[in-house]
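S.K.:
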Amino acid sequence: MRFFRAAYAVAWKDVLLELRRKETFTAMFFFSLLVLLMFNFTLSLDRTQVLSLAPGLLWLAITFTGVLGLGKGFLAERENECMDGLILSPVPRGAIFLGKLAGNFLFIFAVEAVTLPLFVVLFNLDVWGRIGLLLFVVILGTAGLSLLGTLLSAMTVQVRAREVMFPLLILPLVIPVLIGAVQATAGVMRGDGWAEYAHWIRLLVAFDVVFSVASFWGFSFLLED
Amino acid sequence: MFLFKLPTWQRIMGWGTVVLLPTGLFLALTAPPDAFQGPAARIMYVHVPSAWTAMFAGVVLFFNSVMYLWRRHKSWDTAAHATAGIGAVFTVLALLGGSIWGKPIWGVWWTWDARLTATAVLLMIYVGYLMLRAFLDDPEKEARFAAVVAIVGMIDVPIIHFSVKWWRTLHQAPSVMKPDVPSMPFEMLFPLLVMTVAFTVFFHYLLFLRMQLLQKEKLIEAQRQAVLREVQL
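Residue numbers (this note's numbering), protein chains in the order written: chain A, 129 to 353; chain B, -13 to 219.
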């Protein structure tokens, strides 16, 4: 119980900070809009192409936006010299990780909640009837992205050239999430039966489970001094 | 940790390479030619051992990183650092050899097949690992962070391999990739085995050489810091 209260406190601190400053959300939201605009200018898509490319474009937008936001995961602590406070606080490392993870997930999901409908409208997709399923896939993919992002940003925030190092480390590692999420999204958008993409959902769940364990464990080594 | 000291091991592996590598090459060049692929198939005798060594290095890196986080002894970290650099070189060799073979046999330099994609990502992880180390100044923090990245990365490589394999096999049957001759005759298998052993021994020679180099580099760096402190005082 104490564990979850500590995690909640860490997450709430981030949410409150974000509610007052609105920096991360604004930056991520406009960045995701810009990515959608860039797709429109660089790829001139017709109706049939849109359907086959939309899942990939959606996940590229989510990944780039997520990487932009996640890289700043521990920046507030760093800039205000609060890393030591966080490390010295008498709570398990796992609780700090869970709190930061929850905060990161919420920020990305908040952006997605606005960008996803815009994406569907801008690319004329007919998925309103299956929006619940689509959200489920988006949540699973975002969880994988946030897990790796929280672990790696705790590391890169303490490194020189973190703007370079964070994408370099996270992008190769999220490939399985991208493959699973894109294929499942494509299945949902085409209106396939559940059985036809259930294995991609399973891949996403398996990745989330494996990396929950690996990230919790790895994180305990990152805040030692 | 070792029965002998590093330089002794390095010499043993060095002489092993000098004997095994030419023997393997001789056997590979005198082995019967492949009935379908002609002389191009001989690239296999270098390509397969380099790919094997690249993956073997990944396992060694994983093991060394786990041992470092568990025991916190500097030599495990030095071994991990040395392994990553050599692993990256063998990964590049495997990718290059595969491409040179792929052009005449498949008709393309590159295809997004599971094994190729996973190998390319393996290279990215080695490079990311080495870059992260280069950007960290505190040696203890460098060792700790690098170990976490190595472990997470090496857990991810098989997942990447299987997810790409799954994705490709479900969506398009391999069209450029003909399945290889399923079972290899002994005259071809034997040179391949000798070459694989030779590459593994060569990997260890490089590993022990590089570990000594890294130890000396770290010693020099520590002394430089000590001198700098003295000058400041």
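Note that beta-carbon positions come from the ideal geometry of N, C-alpha and C, so glycine has one too. This one's a predicted model, so the numbers in the text were calculated from it and none came from an experiment.
#1: Looking at the unbroken alpha helix (DSSP H) that takes in Leu350 (chain A), where does it start and where does it end?
#2: In the DSSP assignment, find the unbroken alpha helix (DSSP H) run with His33 (chain B) in it and report its ends.
#3: What is the residue span of the alpha helix (DSSP H) that Arg101 (chain B) lies within?
#4: Could you run through the region 291 to 305 of chain A and flag, in chain order, every residue whose CB is less than 7 Å away from some CB of chain B?
#5: Of all Cβ atoms in chain A, is any one closer than 8 Å to the Cβ of Met117 (chain B)?
#6: Assign Asp20 (chain B) to one of three DSSP states: helix, strand, or coil.
#7: How would you list, in chain order, the residues of chain B whose beta-carbon sits under 8 Å from the beta-carbon of Gln311 (chain A)?
#8: Check the Cβ of Met283 (chain A) against every Cβ in chain B and list those closer than 9 Å, keeping chain order.
#9: When you compare the CB positions of Leu6 (chain B) and Val183 (chain B), do they come within less than 8 Å of one another, or not?
#10: Does any residue of chain B bring its CB to less than 8 Å from the CB of Ile267 (chain A)?
#11: Hey, Ala132 (chain B) and Arg119 (chain B): beta-carbon distance below 8 Å or not?
#12: Given 8 Å as the limit, is there contact between the region -7 to 12 of chain B and the region 175 to 192 of chain B, that is, 3 or more CB pairs closer than that?
#13: Sorted by chain position, which residues of the same chain lie with C-beta nearer than 7 Å to Gly184 (chain A)'s C-beta, five sequence neighbours on each side aside?
#14: Quick one: what does DSSP say Ala65 (chain B) is sitting in, helix, strand or coil?
#15: To be precise: take each residue of the region 139 to 152 of chain B, compare its Cβ to all Cβ atoms of chain A, and keep it if any distance is under 9 Å. Which residues remain?
#16: List the whole-angstrom C-beta distance separating Leu173 (chain A) from Leu181 (chain A), where the pair is believed to meet the contact cut-off of C-beta under 8 Å.
#17: Can you tell me which of A:Ser160, A:Leu297, A:Gly272 and A:Arg318 puts its alpha carbon nearest to the alpha carbon of Gly257 (chain A)?
#18: Counting only Cβ pairs nearer than 8 Å, list the residues of chain B close to Arg206 (chain A).
#19: For the region 139 to 158 of chain A against the region 277 to 291 of chain A, do three or more pairs of beta-carbon atoms, one drawn from each stretch, fall closer than 8 Å, so that the two count as touching?
#20: If the cut-off is 8 Å on Cβ atoms, which residues from the region 42 to 70 of chain B count as contacting chain A, listed in chain order?
#21: If we ignore side chains and look at the alpha-carbon of each, how far apart do Phe264 (chain A) and Val242 (chain A) end up?
#22: Taking the beta carbon of Asn252 (chain A) as the centre, do at least 16 other beta carbons fall within 10 Å, making it buried, or is it exposed?
#23: For Phe185 (chain B), decide whether its Cβ has a neighbour in chain E, counting only Cβ atoms nearer than 8 Å.
#24: To the nearest angstrom, how far is the alpha carbon of Ala129 (chain B) from that of Gln23 (chain B)?
#25: If we define contact as Cβ-Cβ less than 8 Å, is Ile111 (chain B) a contact residue for chain A?
#26: What would DSSP say about Pro220 (chain A), mapped onto helix, strand or coil?
#27: Closer than 9 Å by beta-carbon distance: list the chain A residues that pair up with Phe121 (chain B), in chain order.
#28: If the cut-off is 9 Å on Cβ atoms, which residues from the region 330 to 353 of chain A count as contacting chain B, listed in chain order?
M.R.: According to the structure data:
#1: As a first step, residue 350 (chain A) must be located in the first sequence, where it is residue number 222. It is not in any alpha helix (DSSP H) - Leu350 (chain A) carries neither H nor E in the DSSP assignment.
#2: Position 47 of the second sequence holds residue 33 (chain B). First-last of the alpha helix (DSSP H) with His33 (chain B): Met30 to Arg57.
#3: Here residue 101 (chain B) is taken as the residue at index 115 of the second sequence, counted from 1. Per DSSP, Arg101 (chain B) belongs to the alpha helix (DSSP H) from Ala100 to Ala120.
#4: Cβ contacts with chain B: Met293, Leu296, Leu297, Pro300, Leu301, Ile303 and Pro304.
#5: Within the second sequence, numbered from 1, the residue matching residue 117 (chain B) stands at position 131. Yes, Met117 (chain B) lies at the interface with chain A (some Cβ there is under 8 Å from its Cβ).
#6: In the second sequence, counting from the first residue as 1, residue 20 (chain B) sits at position 34. It is a strand residue.
#7: On the first sequence, residue 311 (chain A) is found 183 positions in, with the first residue counted as 1. The answer, in chain order, is Trp153.
#8: Residue 283 (chain A) sits at position 155 when you count from the first residue of the first sequence. Leu118, Phe131, Val134 and Val135, listed in chain order.
#9: What you label residue 6 (chain B) is simply residue 20 of the second sequence in a count that begins at 1. What you label residue 183 (chain B) is simply residue 197 of the second sequence in a count that begins at 1. Closer than 8 Å, so yes.
#10: As a first step, residue 267 (chain A) must be located in the first sequence, where it is residue number 139. Output row for Ile267 (chain A): interface = no.
#11: The count along the second sequence starts at 1 and reaches residue 132 (chain B) at position 146. The count along the second sequence starts at 1 and reaches residue 119 (chain B) at position 133. Cβ distance < 8 Å, so Ala132 (chain B) and Arg119 (chain B) count as in contact.
#12: Cβ pair count under 8 Å is three or more, so yes.
#13: Taking the first sequence and counting its residues from 1, the one referred to as residue 184 (chain A) is at position 56. Only Val310 meet the Cβ criterion.
#14: Here residue 65 (chain B) refers to the residue found at position 79 of the second sequence. In the structure shown, Ala65 (chain B) sits in a helix (DSSP, three-state: H, G or I).
#15: If you check each beta-carbon in the region 139 to 152 of chain B against every beta-carbon of chain A, the ones closer than 9 Å belong to Gly139, Ile141, Asp142, Ile145, Ile146, Phe148, Ser149, Val150 and Trp152.
#16: Residue 173 (chain A) sits at position 45 when you count from the first residue of the first sequence. Residue 181 (chain A) sits at position 53 when you count from the first residue of the first sequence. Confirmed, Cβ separation roughly 6 Å.
#17: Translated into positions along the first sequence, residue 257 (chain A) becomes position 129. It is A:Arg318 whose Cα lies nearest to the Cα of Gly257 (chain A).
#18: Against the first sequence, residue 206 (chain A) aligns to sequence position 78. Those do not exist, as Arg206 (chain A) stays about 14 Å from chain B at its closest Cβ, beyond 8 Å.
#19: They do not touch, by the three-pair rule.
#20: Leu55
#21: Taking the first sequence and counting its residues from 1, one reaches residue 264 (chain A) at position 136. Taking the first sequence and counting its residues from 1, one reaches residue 242 (chain A) at position 114. Between Phe264 (chain A) and Val242 (chain A), the C-alpha separation is close to 15 Å.
#22: On the first sequence, position 124 is the one that residue 252 (chain A) refers to. Classification of Asn252 (chain A): exposed, given that the 10 Å Cβ count is below 16.
#23: In the structure shown, chain E cannot be found, because the protein chains are A and B.
#24: Counting from 1 along the second sequence, the entry for residue 129 (chain B) is found at position 143. Counting from 1 along the second sequence, the entry for residue 23 (chain B) is found at position 37. Roughly 46 Å separates the two Cα atoms.
#25: For the purposes of this step, residue 111 (chain B) is identified with residue 125 of the second sequence, where counting begins at 1. Cβ-Cβ to chain A under 8 Å: yes for Ile111 (chain B).
#26: Residue mapping note: residue 220 (chain A) aligns to position 92 of the first sequence, counting from 1. Note: Pro220 (chain A) maps to coil in three-state DSSP.
#27: The sequence position of residue 121 (chain B) within the second sequence is 135, counting from 1. Result: Thr284, Val287, Arg288, Ala289, Arg290, Val292 and Met293.
#28: Leu331, Ala334, Phe335, Val338, Phe339, Ala342, Ser343, Trp345, Gly346, Phe347, Phe349, Leu350, Glu352 and Asp353
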